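Engineer: Would you mind keeping the following structure in view while I ask a few things?
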Amino acid sequence: MRSHLLNDTTAEQYRRSVTDGVERVAAKLAATDRPFTGITVDALAPRIDEIDLDQPLHDTGAVLDELEDVYLRDAIYFHHPRYLAHLNCPVVIPAVLGEAVLSAVNSSLDTWDQSAGGTLIERKLIDWTTERIGLGPAADGVFTSGGTQSNLQALLLAREEAKSNDLTALRIFASEVSHFSVKKSAKLLGLGQDAVVSIPVDHDKRMQTVALARELERCKEAGLVPMAVVATAGTTDFGSIDPLPEIAELCEQFGTWMHVDAAYGCGLLASLKHRDRIGGIERADSVTVDYHKSFFQPVSSSAVLVRDAATLRHATYHAEYLNPRRMVEERIPNQVDKSLQTTRRFDALKLWMTLRTMGADGIGQLFDEVCELAREGWKLIAADPRFDVVVEPSLSTLVFRYIPAVVTDPAEIDRANLYARKALFASGDAIVAGTKVAGRHYLKFTLLNPETQASDIATVLDLIAGHAEQYLGESLDRAS
């Protein structure tokens, strides 16, 4: 079995196996003509269930053949221009190359003696990002597994900085369309169920600062502690960006930690055209960024950044076998001192490879393209009497729904939109997401692929309308 270990004696076998895998994936990418085959759970599950994991195939070629049958053939391919669903981006080649390198070398980013240069590369990228944000010379941060972990760590720091002995008195303020991880984090941090105060949004789905000011004042008057305000720079559903400068003013006035969840909108940090849309982010105490959304990186690649590096001490624990306190005095950099994780992949290498190959302007150009595409898509939908679109896009998300000419029952329209989404997914011709707005079912395009064209959007709209009309026709037939 030692022949399967990656080392100096198996380097050639490694080269052949990885090359075989890369060639198969490349062939699959080149031949993919739709984002999904439409396979169902009931059809795919038996093929996987029948595999006996205690009976190995002993050959990577045979394993790749099997993988084609149980995964590659029916995978959902985000690179296809008609994948329009969630915040999944096509990835850039330099980052994929970085993924191959980091997996083979397998550095662990918790301590210097497990990563060496990897530690310094990650720190350099953190500094680069904090400079782009404008957090100042005392800023720092660490890579994480994703926005949920980044938000959790930011709110942990905010909880500790609030210096309250009564956790039930702490309050977090976030808009009604903020990410679910805010409430999840509150629960994980031991706060009460009512710890997260939901702030209403305006017509453009941005936090209403008048309402925020009112709730902050109410909190103080009740003897409670305004622990943090979570402003969102790119909500999951609408891509909306909260009014960051006004929120920063209120946080300063009330002595409240300001966290900006820019998991989606962080692509604007590299934008050549729209950087001003996140003006005010530089005043945050902490920021979440997801490079694996708008920087076109493979999952996972995220970070939490802070204005004051000293606040990261709240995540610091020392162990003699890992990062004893003497290492701090010896100026040995251990990233575990800042992280909620211990063992951690060298995900920063992917972004490093991307920046060294494409540059920040290259990333920004791609993100600007999808933002412009969303603007074109909004014009298409707004001009189409078959659809109702919710808001003009701030980033690259469009929320809309099919509105039939002859049916006025809102519940029936809901069912038609749900049916259209499911039928479209089952066909594999395109994939769109869904959400609720004011209790009604809507559809969602999340545009993160610069290869997607306005013509793709128009085609998918026609497909949606066709499926919805088919459902309504059958519904009318049943009713009659």
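Residue numbers (this note's numbering): 267 to 746. For glycine and all other residues, C-beta sits at the position ideal for the given N, C-alpha and C. Quick caveat, the model's predicted, so the values are computed rather than measured.
(1) Hey, out of Ser369, Ile305 and Ser568, whose CA is closest to Ala420's CA?
(2) In whole angstroms, give me the CA-to-CA distance for Tyr557 and Leu714.
(3) Using the C-alpha atoms, what's the distance from Lys688 back to Arg543?
(4) Which term fits Asn273, buried or exposed, when burial requires 16 or more other beta carbons within 10 angstroms of its beta carbon?
(5) For Ser552, collect the residues of the same chain with a Cβ closer than 6 Å to its Cβ; drop the 5 residues on either side in sequence, then sort them by chain order.
(6) Between the alpha carbons of Asp470 and Arg480, how many angstroms are there, rounded?
(7) Quick test of your reading: Val463 and Arg437, contact by CB under 8 Å. State the CB separation rounded to the nearest angstrom.
(8) Measure the CB-CB distance between Lys559 and Cys355 and report whether it falls below 8 Å.
(9) Could you compute how far the alpha carbon of Pro312 sits from the alpha carbon of Ser721?
(10) Hey, Ala494 and Trp523 are a contact pair by Cβ (cut 8 Å); roughly how many whole angstroms apart?
(11) With a Cβ-Cβ cutoff of 8 Å, do Ala499 and Gly533 count as a contact?
(12) Short of 7 Å in beta carbon distance, which residues of its chain neighbour Ala351, apart from the five on each side in sequence? Order them along the chain.
(13) Hey, how far is the Cα of Asn372 from the Cα of Ala626?
(14) Hey, Asp730 and Tyr668 are a contact pair by Cβ (cut 8 Å); roughly how many whole angstroms apart?
(15) For the candidate residues Gln607, Asp325 and Ile647, whose alpha-carbon lies nearest to that of Met267?
(16) If you pair each beta-carbon of the stretch 601-619 with each one of the stretch 374-386, do three or more pairs fall below 8 Å?
(17) Find out if the Cβ-Cβ distance for the pair Ile399, Leu516 is shorter than 8 Å.
(18) Using 10 angstroms around the beta-carbon of Asp613, count the other beta-carbons present and answer buried if the total reaches 16, otherwise exposed.
(19) Less than 8 Å between the beta carbons of Ala514 and Gly546, yes or no?
(20) For Lys702, which of Asp393, Pro403, Val655 and Lys390 has the nearest alpha-carbon?
(21) For Tyr587, which residues does DSSP report across the bridge?
(22) Tell me, which residues are paired with Gly489 by DSSP?
(23) Could you pull out every residue in the same chain whose Cβ sits closer than 6 Å to the Cβ of Ile629, ignoring the five residues on either side in sequence?
(24) For Ala405, which residues in the same chain have their Cβ closer than 6 Å to its Cβ, ignoring the five residues on either side in sequence?
(25) Would you give the residue range spanned by the alpha helix (DSSP H) that Tyr779 belongs to?
(26) Are Asp503 and Val665 close, meaning C-beta to C-beta below 8 Å?
(27) Mind checking whether the beta-carbon of Ser693 lies closer than 7 Å to any heavy atom of the ligand SAM?
(28) In three-state DSSP terms, what is Ala440?
(29) Can you give the beta carbon distance from Lys616 to Ala361, rounded, assuming they're within the 8 Å contact cut?
(30) Label Phe446 either buried or exposed according to how many other C-beta atoms from any shown protein chain fall within 10 Å of its C-beta, with 16 as the threshold for buried.
(31) Starting from Met524 and walking both ways along the beta strand (DSSP E), at which residues does that stretch end?
(32) What do you get for Ile392, buried or exposed, if any count of 16 or more other CB atoms within 10 angstroms of its CB means buried?
(33) For Ser693, collect the residues of the same chain with a Cβ closer than 6 Å to its Cβ; drop the 5 residues on either side in sequence, then sort them by chain order.
(34) At which residue ranges does the stretch 408-462 contain complete alpha helix (DSSP H) runs of 4 or more residues, listed in the order of the chain?
(35) Drop a sphere of 10 angstroms on the beta-carbon of His270, count the other beta-carbons inside from all chains shown, and report buried for 16 or more, exposed for fewer.
Structural biologist: Taking the structure as given:
(1) Ser568
(2) 12 Å
(3) Linking Arg543 to Lys688 through their CA atoms gives a straight-line distance of about 34 Å.
(4) exposed
(5) Ala420, His525 and Val572
(6) 20 Å
(7) 6 Å
(8) yes
(9) 38 Å
(10) 4 Å
(11) no
(12) Ile697, Val698, Ala699 and Thr712
(13) 26 Å
(14) The sequence shown places Ile at residue 730, rather than the Asp named in the question. Beta-carbon to beta-carbon, Ile730 and Tyr668 are separated by about 6 Å, close enough to satisfy the 8 Å threshold.
(15) Asp325
(16) yes
(17) no
(18) buried
(19) yes
(20) Val655
(21) For Tyr587, no pairing in a beta bridge is given by DSSP.
(22) Gly489 has no beta-bridge partner at all, per DSSP.
(23) Close CB contacts of Ile629 within its chain, under the 6 Å cut and outside five residues either way in sequence, are with Ala536 and Phe561 (chain order).
(24) Thr396 and Arg573
(25) This structure gives no information on residue 779, because the portion of the chain shown stretches from 267 to 746.
(26) yes
(27) Annotation note on the ligand SAM: not contained in the displayed structure, which lists no ligands.
(28) strand
(29) 4 Å
(30) In summary, Phe446 is exposed, with fewer than 16 beta-carbon neighbours lying within 10 Å of its beta-carbon over all protein chains present.
(31) According to the DSSP assignment, Met524 belongs to the beta strand (DSSP E) that extends over Trp523 to Ala528.
(32) buried
(33) Gly304
(34) 413-428 and 447-454
(35) exposed
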